[in-house]
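**Q** One structure coming up, written as structure tokens, with questions to follow.
Protein chains: 2
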Amino acid sequence: MAEKISVAGAGLVGSLLAIYLRKRGYDVDVFESRTDMRRDTISAGRSINLALSDRGIKALEEVGIMNDIREIAIPMHGRYLHNADGSNAFQPYGQKGQFINSVSRGELNKKLMSLAESAGAKIHFNKKIESINWKTNEMIFSDNTSHSCDVIFGADGAYSATRLQHMLHHNKFQYNQYYIDYGYKELSIPAGPGNSFLIEKNALHIWPRGNYMMIALPNIDGSFTCTLFFPFEGNPSFDSLNTNESVIAFFKEHFSDAFELMPTLTEDFNTNPISSLVTVKCYPWIRENKFALIGDAAHAMVPFFGQGMNCGFEDCSVLNELIETFNGDWKEILPAYQHLRKPDGDAICDMALTNFIEMRDRVADPKFLLQKKIEAEFTKRHPDKWRPAYSLVTFSPEVRYSDALKQGTHQEEIMKKIMSVENIEDIWDSHEVENKILQNLVS
Amino acid sequence: MAEKISVAGAGLVGSLLAIYLRKRGYDVDVFESRTDMRRDTISAGRSINLALSDRGIKALEEVGIMNDIREIAIPMHGRYLHNADGSNAFQPYGQKGQFINSVSRGELNKKLMSLAESAGAKIHFNKKIESINWKTNEMIFSDNTSHSCDVIFGADGAYSATRLQHMLHHNKFQYNQYYIDYGYKELSIPAGPGNSFLIEKNALHIWPRGNYMMIALPNIDGSFTCTLFFPFEGNPSFDSLNTNESVIAFFKEHFSDAFELMPTLTEDFNTNPISSLVTVKCYPWIRENKFALIGDAAHAMVPFFGQGMNCGFEDCSVLNELIETFNGDWKEILPAYQHLRKPDGDAICDMALTNFIEMRDRVADPKFLLQKKIEAEFTKRHPDKWRPAYSLVTFSPEVRYSDALKQGTHQEEIMKKIMSVENIEDIWDSHEVENKILQNLVS
């Protein structure tokens, strides 16, 4: 008889995991606390559009559904910067042909759910977990029903109910949740006539403004989903923009080109919630051969590296390989999964937070911009010797997050030395500097 | 009408807080999840004897009960080291007349409860908090009773139920719980004939053994409560000492002098639980003018600085002063309390963890021992210029924990420079080194 596996959460990772597990022949039940978003309207407005990149794509290809997903994805070949002075700039993400993909969280989630059901998984909606009996591996729901099984996967997101139960019944659970002092709010740029795109379609738009920023990602209907990342307190902040007039004045002044394209700005601003941004690290992720956390439930991260979903999908891919390697023996699979993925989850959580801090504190620093220029120049001359962490994380699924972080840290150390060279401003593109980097790379 | 205040937890801090609040005329109800330890036997065996020092004493004096407590306290004038080679050494804690006090957690707690009741507080036992309604400031207990009040204090310890409710209903709660990979077990050395002390009475005994250690603190009945701090896993560890024979062999070899005095060793070892050691940091500690965490519930720490209780008592003392300053206006008191105490709680949590790491990793390092020797020599020559962090924390309640940490960090930076001096091993007590420290202190 096939083993019974339960997945808590029919989000992106839970649904994909269900597909993987069904392909291996397990009995799969998925329990989702919310209603079926394919039938009912779900409160939107907290959906940062997603950037699907190579790690996520690899997983979707493994289960044979990438072609389905491609239909709802829009390639983004680089960042399109909308500067404060009104100028624009396009920065390609990588080599030619390398791009990331804008996908709507809602559309992707619906598609994954339906594919999971086609693969034979049962999804049970409106099943809110109240508690878990770890002795019987039984989930008890708020409607007083319950379900027991051989293995439970907690794929229930950053505010995971399974993780809370795990934590409450564990006597040495390492746990850290850390909120940054920024929140985000979803806004929108509607499509133009005939579903046309009113700004460049194939790009991730950024309005960087020092200590805050807005981004916009394209949707297949011609609209853009905008996300404003903004301090909770201070000036300006969500706190200080507390009237329609102040919102309009602020956007007119600081996002003038976007403002012209946002007819529903004040309505969106008043209706959509301010969401928080949290990093969660915890350990252990597993209980013997009975339970494992996966995706955001194991490692929630801030969205500034565009890797939350991709990392969760990669978790599924790694787990799938380990099921193969250990021939379905969960006593071996789960510890190996934790051993492999915990350092990678930590690494991408840290890199995402570092990106936030860089964005906030360093992006206006001329020294930092010079450093980035030197790195870019060196990469151009020696593409084999210096691959930026961003490129490794986004386009090289064969490199582990933890190794990308190590390389990034090593590069940062080298650049510290380079930036302390006298007159670096004048000789930044000289052979002297190039050779110094080469020497440091070898040593 | 007097404001109604509820205190969750009738432990050391909860009981002391109740006394302070009664002295200010508030209506005070204390809710304790356990049974009344003065009437029923409570499972012992997880009680690290406490080291009451100046910060705690200051608070007990403020409420006029230090004389009561002194009856159950035994002065400890220094560390009595039992070395692995069989040698002994006595290290005074401070100047002449400076000492800390061994008190039994159970006896102290019973005394504080009775004093709280005499002061007019009502203690309700067997009241386990199930949830808190933050709108009505109402605690709901597992026996389906409830209690609402103006202000709730969460004094319910490292595994605080009020903190959990606070966390679950907060949308940006910073939270970190961190377990070290060591646990502890209580053991004992009974009294000799006629309640005599079989080892030096007025000392804190330590058997340091590199990556593990045992300590013993005197009780008024002539016995000593021993605590073994030991790794959970590895060799040796709680994991590896899994038979009576292995326990006996291990103690015979590594704690031979103590072993002779521990007739109930294997019984204690088998009966007493292995307890974990956790650091908890969180923020915010308060909810408007309605709720505040205090003591371990706000800042649990590992016991290696002997400050857990002292810090909690100091919390009460600071809070009491603020009630005076702000004339009972909780809207002012609670934010000021958090603002003052959060950095101090963080500081002592960090210092306690650092002490653990030093104990584990550096205590056998000759360089570290030399550094401590140089510091001690300098303190002797310039007692006004170099007060070790240990002394500030333990004997100087007028210096905030956060300032003690700052001074300690500054001293550590200076000593890093000193230790890199050439031939420091040969010239450690020279005027040259002394002057170098003096120069660094000024700059």
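Residue numbers (numbering that gives the first Met the number 0), protein chains in the order written: chain A, 0 to 442; chain B, 0 to 442.
The beta-carbon is built from N, C-alpha and C at its ideal position, and this holds for glycine as well.
Under the rule that 16 or more other beta-carbon atoms within 10 Å means buried, what is residue 245/B, buried or exposed?
**A** The residue given as residue 245/B occupies position 246 in the second sequence. That one is exposed.
**Q** For chain A, is any of its Cβ atoms less than 7 Å away from the one on residue 282/B?
**A** Along the second sequence, read from residue 1 onward, the residue named residue 282/B stands at position 283. By this cut-off, residue 282/B is not an interface position.
**Q** Determine the direct distance from the alpha carbon of residue 325/A to that of residue 149/B, and round the result to whole angstroms.
**A** Position 150 of the second sequence, counting from 1, holds the residue named residue 149/B. Position 326 of the first sequence, counting from 1, holds the residue named residue 325/A. Looking at the two C-alpha atoms, the distance is approximately 58 Å.
**Q** Following the continuous alpha helix (DSSP H) through residue 281/B, name the residue where it begins and the one where it ends.
**A** Along the second sequence, read from residue 1 onward, the residue named residue 281/B stands at position 282. Looking at the DSSP string, residue 281/B is not in any alpha helix (DSSP H); the run it does join, the beta strand (DSSP E), is 274-282.
**Q** State yes or no: is the beta carbon of residue 171/B nearer than 7 Å to at least one beta carbon in chain A?
**A** As a working note, residue 171/B is residue 172 in the second sequence. True, the Cβ-Cβ gap to chain A drops below 7 Å.
**Q** Can you tell me the Cα-Cα spacing of residue 90/A and residue 136/B, whole angstroms?
**A** If you number the first sequence from 1, residue 90/A lands on position 91. If you number the second sequence from 1, residue 136/B lands on position 137. Whole-angstrom Cα-Cα distance: 53 Å.
**Q** With distances taken from CA atoms, which of 99/A, 299/A, 339/A is nearest residue 316/A?
**A** Stepping through the first sequence from its first residue, residue 316/A is reached at position 317. Of 99/A, 299/A, 339/A, the residue nearest in Cα terms is 339/A.
**Q** Given this structure, state the Cα-to-Cα distance separating residue 186/B from residue 312/B, to the nearest angstrom.
**A** In the second sequence, counting from the first residue as 1, residue 186/B sits at position 187. In the second sequence, counting from the first residue as 1, residue 312/B sits at position 313. Approximately 27 Å between the Cα atoms of the pair.
**Q** With the cut-off set at 7 Å, would you say residue 120/A and residue 299/A are in Cβ contact?
**A** To locate residue 120/A, count along the first sequence from 1; it is residue 121. To locate residue 299/A, count along the first sequence from 1; it is residue 300. Not closer than 7 Å, so no.
**Q** Between the alpha carbons of residue 331/A and residue 70/A, how many angstroms are there, rounded?
**A** In the first sequence, counting from the first residue as 1, residue 331/A sits at position 332. In the first sequence, counting from the first residue as 1, residue 70/A sits at position 71. In a straight line, the C-alpha of residue 331/A is about 38 Å away from that of residue 70/A.
**Q** Does the structure place the segment 216-229 of chain B close enough to the segment 180-198 of chain B that three or more beta carbon pairs sit under 8 Å?
**A** Cβ pair count under 8 Å is three or more, so yes.
**Q** Taking C-beta to C-beta, are residue 127/A and residue 222/A nearer than 7 Å?
**A** Here residue 127/A is taken as the residue at index 128 of the first sequence, counted from 1. Here residue 222/A is taken as the residue at index 223 of the first sequence, counted from 1. Cβ atoms of residue 127/A and residue 222/A: not closer than 7 Å.
**Q** Suppose you measure from the CA of residue 208/B to the CA of residue 214/B; what does that come to, to the nearest Å?
**A** Your numbering for residue 208/B matches position 209 in the second sequence. Your numbering for residue 214/B matches position 215 in the second sequence. Each residue's alpha carbon lies about 11 Å from the other.
**Q** Do the segment 0-11 of chain B and the segment 21-30 of chain B touch if we need at least three Cβ pairs shorter than 8 Å?
**A** Touching, yes, given that three or more Cβ pairs across the two stretches are closer than 8 Å.
**Q** For a cutoff of 7 Å on Cβ pairs, would you count residue 275/B as touching chain A?
**A** On the second sequence, position 276 is the one that residue 275/B refers to. For residue 275/B, the answer is yes, since a Cβ of chain A falls inside 7 Å of its Cβ.
**Q** Nearest to residue 100/B by alpha carbon, out of 217/B, 382/B, 123/B?
**A** By one-based count along the second sequence, residue 100/B stands at place 101. Closest by alpha carbon: 217/B.
**Q** Compare the C-beta of residue 175/B with all C-beta atoms of chain A and state if any pair is closer than 7 Å.
**A** The residue labelled residue 175/B in the question sits at position 176 within the second sequence. Taking Cβ atoms only, chain A reaches closer than 7 Å to residue 175/B, which makes this a yes.
**Q** From residue 17/A to residue 151/A, what does the alpha carbon distance come to, in whole angstroms?
**A** Position 18 of the first sequence, counting from 1, holds the residue named residue 17/A. Position 152 of the first sequence, counting from 1, holds the residue named residue 151/A. Straight-line Cα distance between these residues: approximately 12 Å.
**Q** Residue 276/A: which of 234/A, 181/A, 417/A, 346/A sits nearest, CA to CA?
**A** Looking up residue 276/A in the first sequence gives position 277. Checked all of 234/A, 181/A, 417/A, 346/A; the closest Cα to residue 276/A is 181/A.
**Q** Have a look at 426/B, 68/B, 92/B and flag the residue whose alpha-carbon is nearest the alpha-carbon of residue 79/B.
**A** By 1-based counting over the second sequence, the position of residue 79/B is 80. Checked all of 426/B, 68/B, 92/B; the closest Cα to residue 79/B is 92/B.
**Q** Is any beta-carbon of chain B found at less than 7 Å from that of residue 211/A?
**A** In the first sequence, counting from the first residue as 1, residue 211/A sits at position 212. Taking Cβ atoms only, chain B never reaches closer than 7 Å to residue 211/A, which makes this a no.
**Q** Give a yes or no on whether 7 Å exceeds the smallest Cβ distance from residue 183/A to chain B.
**A** The residue labelled residue 183/A in the question sits at position 184 within the first sequence. It does not: the Cβ of residue 183/A has no partner Cβ on chain B nearer than 7 Å.
**Q** Quick one: grab the DSSP three-state call for residue 449/B.
**A** The requested residue 449/B does not occur in the structure, where chain B is confined to residues 0 to 442.
**Q** Relative to the C-alpha of residue 303/B, which candidate in 286/B, 351/B, 143/B, 260/B has its C-alpha closest?
**A** Locating residue 303/B in the second sequence gives position 304, counting from the first residue. Of the candidates 286/B, 351/B, 143/B, 260/B, the one whose C-alpha sits nearest the C-alpha of residue 303/B is 351/B.
**Q** Counting C-beta neighbours from all protein chains within 10 Å, is the total for residue 167/B 16 or more, i.e. buried, or is it exposed?
**A** Counting from 1 along the second sequence, the entry for residue 167/B is found at position 168. By the 10 Å Cβ count, residue 167/B comes out exposed.
**Q** How far does the alpha helix (DSSP H) with residue 434/B in it extend, from its first residue to its last?
**A** Numbered from 1 along the second sequence, position 435 holds the residue referred to as residue 434/B. Note, residue 434/B: alpha helix (DSSP H), 430-441.
**Q** How long is the line joining the alpha carbons of residue 201/A and residue 73/A, rounded to whole angstroms?
**A** Against the first sequence, residue 201/A aligns to sequence position 202. Against the first sequence, residue 73/A aligns to sequence position 74. Each residue's Cα considered, the two are about 7 Å apart.
**Q** Report the neighbours of residue 178/B on chain A: residues whose CB is nearer than 8 Å to its CB, in chain order.
**A** Your numbering for residue 178/B matches position 179 in the second sequence. Under the 8 Å cutoff, chain A gives 171, 172, 173.
**Q** Starting from the N-terminal side, write out each stretch of the alpha helix (DSSP H) that is 4 residues or longer and does not extend beyond the segment 63-133 of chain B.
**A** DSSP runs (the alpha helix (DSSP H)) wholly in the segment 63-133 of chain B: 65-69, 104-117.
**Q** Only counting the same chain, and skipping five residues up and downstream in sequence, which positions put a Cβ closer than 7 Å to that of residue 372/B?
**A** To locate residue 372/B, count along the second sequence from 1; it is residue 373. Contacts found: 427.
**Q** Mind checking who residue 213/A pairs with in its DSSP beta bridge?
**A** Here the question's residue 213/A lines up with position 214 in the first sequence. Paired residue(s): 206/A, 227/A.
**Q** Can you have a look at residue 111/A and say buried or exposed, based on whether 16 or more other CB atoms are within 10 angstroms of its CB?
**A** In the first sequence, counting from the first residue as 1, residue 111/A sits at position 112. Buried, by the Cβ-count rule.
**Q** Is residue 344/B closer than 7 Å to residue 453/B when the C-beta atoms are compared?
**A** Absent from the model: residue 453/B. The displayed extent of chain B is 0 to 442, so no value can be given.
**Q** With residue 182/A as the anchor, note down where its beta strand (DSSP E) starts and where it stops.
**A** For this step, residue 182/A is matched to residue 183 along the first sequence. Its beta strand (DSSP E) spans residues 173-188.
**Q** Starting from residue 292/B and walking both ways along the beta strand (DSSP E), at which residues does that stretch end?
**A** As a first step, residue 292/B is located in the second sequence; it is residue number 293 there, counting from the start. Here the beta strand (DSSP E) through residue 292/B covers 290-292.
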